[in-house]
Amino acid sequence: MANLTIDGTTYTVADGLRLTNAIEAQGIDILHRCGGNARCTTCKVVFNSGEPASMTAAEKSKLEDKGDLGEYRLSCQIACSGDMDVTGYMTMTSSGLDDPGPALSDEPPSA
Ligand code: FES
Numbered sequence: 075m076a077n078l079t080i081d082g083t084t085y086t087v088a089d090g091l092r093l094t095n096a097i098e099a100q101g102i103d104i105l106h107r108c109g110g111n112a113r114c115t116t117c118k119v120v121f122n123s124g125e126p127a128s129m130t131a132a133e134k135s136k137l138e139d140k141g142d143l144g145e146y147r148l149s150c151q152i153a154c155s156g157d158m159d160v161t162g163y164m165t166m167t168s169s170g171l172d173d174p175g176p177a178l179s180d181e182p183p184s185a
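Taking the working numbering, the leading residue of the sequence shown gets 75, the next gets one more, and so forth.
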């Protein structure tokens with residue numbers, strides 16, 4: 075199991091669960107508009123601690139393209155592991171959109 079802290083509240087979540095889905099499972103309507111393909115960046119999160127050292131090639135490429143490498147991570151590309159503390163996400167409610175995006179599988183891409 076992994077410990078996921080969101081805005082100061084810690085939840086126990088399954089190891090390896092896609093971070094976007096773990097956040098959504100806590101009742102937070104985080105956006106994932108491109109369906110987990112590292113294209114939209116609406117699933118972004120800011121890591122306060124526990125940021126994974128590795129990154130998928132798709133995530134790295136997108137963050138480099140936007141000039142945002144080191145600013146935030148794409149939760150759709152990350153598996154829950156260990157102790158993670160995140161904030162800074164975008165929600166359907168705060169955006170005014172009527173759909174967070176297509177449902178994502180529970181496993182993030184591995185490379
Ligand atoms: S980049 Fe679009 S859902 Fe993650």
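Glycine residues also receive a C-beta, built at the ideal position from the N, C-alpha and C atoms.
Contacts around residue i, its chain only, beta-carbon distance under 7 Å, and the 5 residues preceding and following it disregarded
i           : result
residue 98  : 104
residue 124 : 156, 157, 158 and 159
residue 145 : none
Integer Cβ distance of residue i from residue j, believed to fall under 8 Å
i           : j           : result
residue 92  : residue 153 : 7 Å
residue 183 : residue 155 : In fact, because the Cβ distance is near 15 Å, the residues do not count as touching under 8 Å.
residue 110 : residue 178 : 4 Å
Residue i to residue j span [Cα, whole Å]
i           : j           : result
residue 89  : residue 141 : 30 Å
residue 112 : residue 137 : 9 Å
residue 75  : residue 169 : 31 Å
residue 134 : residue 143 : 7 Å
residue 185 : residue 106 : 19 Å
residue 167 : residue 173 : 9 Å
residue 87  : residue 129 : 20 Å
residue 94  : residue 102 : 10 Å
residue 96  : residue 83  : 13 Å
Nonlocal neighbours in the same chain, by C-beta distance under 6 Å from residue i, ignoring five residues either side
i           : result
residue 108 : 114
residue 85  : 78 and 100
residue 55  : The requested residue 55 is not part of the displayed model; the chain covers only 75 to 185.
residue 163 : 104 and 119
Residue from the options whose Cα sits closest to the Cα of residue i
i           : options               : result
residue 181 : 166, 150, 172 and 158 : 150
residue 147 : 95, 75, 116 and 83    : 116
residue 122 : 110, 106 and 158      : 158
residue 175 : 184, 165 and 183      : 165
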